[in-house]
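In this note's numbering, the protein residues as written are 2 to 370. C-beta: ideal position from N, C-alpha, C; glycine also. Report on the structure given below.
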Amino acid sequence: MKKYALILFLLPIVLLSFQMKSHASSLSNEAEFINYSKKFLGVPYRFGGTTPSGFDCSGYINYVFNEYGYSLPRTSADMYASKSLSPVKDLKVGDIVFFTTYKPGASHAGIYVGNEEFVHASSSRGISVSNLEESYWNKRYLGAKRHNELSNDLSFSTDAEAQKLWQTASNYYLNSAVTSQNQDLMSLYNVLRSQVTLDSSTPAGEHLLRTANLIDSIKLANTLSSSTNQLVDKMITNQELTDETVSLYQEQSADIRKSERVYSRLYGPELRNRFNSESVTPAKIAKETVIYEVSMYLLLDTINSTKEQGNLDEARNLLEKYDRLERRAKEIKVLGNTLHANAYQNLDKIHQQLQGVKESLQAELQASN
């Protein structure tokens with residue numbers, strides 16, 4: 002039986018891996034091109050260099066393009082003048098970006114890899130990644146050109162790929178733990194994110210936006226799981242009620258509120274229900290198990306401060322409020338356990354601690370009559 006249970010548990014993960022690999026086939030050319038372009042990061046700059054022992058800017062570009070079976074002129078200026086490259090305005094992965102640096106014309110070049118970034122042979126840093134928005138490069142930007150054949154080899158339908166990614170990811174998290182991380186999902190998302198704007202006005206943008214909300218929800222589910230586990234360990238298992246654990250309770254409460262807001266943006270009721278039932282519900286049970294004890298702890302502190310300020314009648318009135326909280330602490334656990342059997346634990350050690358403080362305050366107030 003355990004063997005079959007393990008197979009059923011692993012099946013969604015195996016299916017996702019297969020689906021992701023199948024899905025990646027149409028993206029692999031572009032992703033591999035980016036990875037290959039970045040393979041040489043850190044290789045030193047060498048004037049006239051054309052090998053991984055040292056590159057200049059055009060030598061590096063030639064080396065990468067040769068890997069894909071394309072030859073280019075040797076220098077940046079000759080590349081810029083070449084008829085095999087066509088001017089472009091909307092940049093895509095694989096485009097060559099040109100700059101005017103140490104002399105007029107195209108004296109430097111790099112390979113565009115998406116997200117406003119390009120890889121190039123810097124005379125000071127060797128093969129490195131820079132951003133077109135950096136002031137140095139922005140001021141010297143001459144334009145971009147595309148090798149049409151390479152562009153066709155790397156192209157893919159972002160609409161179809163974004164839809165496949167969303168369907169695969171959503172199906173996975175309908176059947177797997179909402180805290181499980183999947184690097185295949187993130188890798189494919191990052192490739193598409195460099196090409197697609199998160200905008201519901203386009204099919205690709207809409208599906209990628211759904212995936213982005215799912216990824217945000219997974220991250221928050223992990224954060225909420227961590228804060229809930231700490232709360233359970235400190236306040237429910239070990240029954241520690243201190244200023245430190247009260248702060249932990251408040252942080253966990255904030256995580257619940259933030260998670261609920263993000264989960265509400267998930268596409269489809271099935272996913273929203275799954276994240277709420279697997280993430281928010283256990284967190285709320287932990288919170289509700291200790292909520293009145295925390296309130297009682299804070300109220301006893303207020304009563305003590307009120308007493309020390311000489312407002313004795315107000316302190317006595319607050320003690321009556323404390324009694325109501327004490328009764329409610331017992332009721333909430335009975336009611337909670339009717340909905341979630343044995344989920345709400347009694348906190349006898351904490352109640353003994355609170356009772357001792359209460360009795361001490363009562364004695365001091367009686368002595369003040």
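- Here GLU245 is exposed: its Cβ has fewer than 16 other Cβ atoms, across all protein chains shown, within 10 Å.
- Within the DSSP bridge table, the entry for ALA145 names VAL89 and VAL98 as partners.
- One alpha carbon belongs to ALA222, the other to THR180, and they sit about 6 Å apart.
- Taking the Cα of SER131 as reference, the smallest distance to any Cα among GLU33, SER125, LEU272 and VAL120 is reached at VAL120.
- DSSP links THR203 through a beta bridge to no other residue.
- When beta bridges are read from the DSSP output, TYR113 appears opposite PHE119.
- With fewer than 16 other Cβ atoms from the protein chains shown falling within 10 Å of its own Cβ, GLY269 counts as exposed.
- Put simply, the region 285-300 touches the region 243-263. At least three CB pairs are less than 8 Å apart.
- Comparing alpha carbon positions, the residue from ALA107, GLY127 and ASN36 closest to GLY95 is ASN36.
- Assignment of GLY60 by DSSP, reduced to helix, strand and coil, places it in the helix class.
- Contact check between the region 132-146 and the region 95-105: three or more CB pairs, one atom from each, fall below 8 Å, which counts as touching.
- In the DSSP assignment, the residues bridged to TYR46 are PHE56.
- GLY127 and ASP217 have their alpha carbons spaced roughly 36 Å apart.
- In this structure the region 197-211 does not touch the region 223-232; the number of beta carbon pairs closer than 8 Å is below three.
- Here ARG328 is exposed. Its C-beta has fewer than 16 other C-beta atoms within 10 Å.
- Linking PHE56 to GLU31 through their CA atoms gives a straight-line distance of about 23 Å.
- The bridge partners DSSP lists for SER129 are HIS121.
- Residue environment: PHE66 is assigned as buried (16 or more neighbouring CB atoms within 10 Å of its CB, all protein chains considered).
- The continuous stretches of alpha helix (DSSP H) do not include ASN347, and DSSP gives it neither H nor E.
- Between GLN251 and LEU232, the gap from beta carbon to beta carbon reaches 8 Å or more.
- With a threshold of 16 other beta carbon atoms within 10 Å, PHE48 falls short and is exposed.
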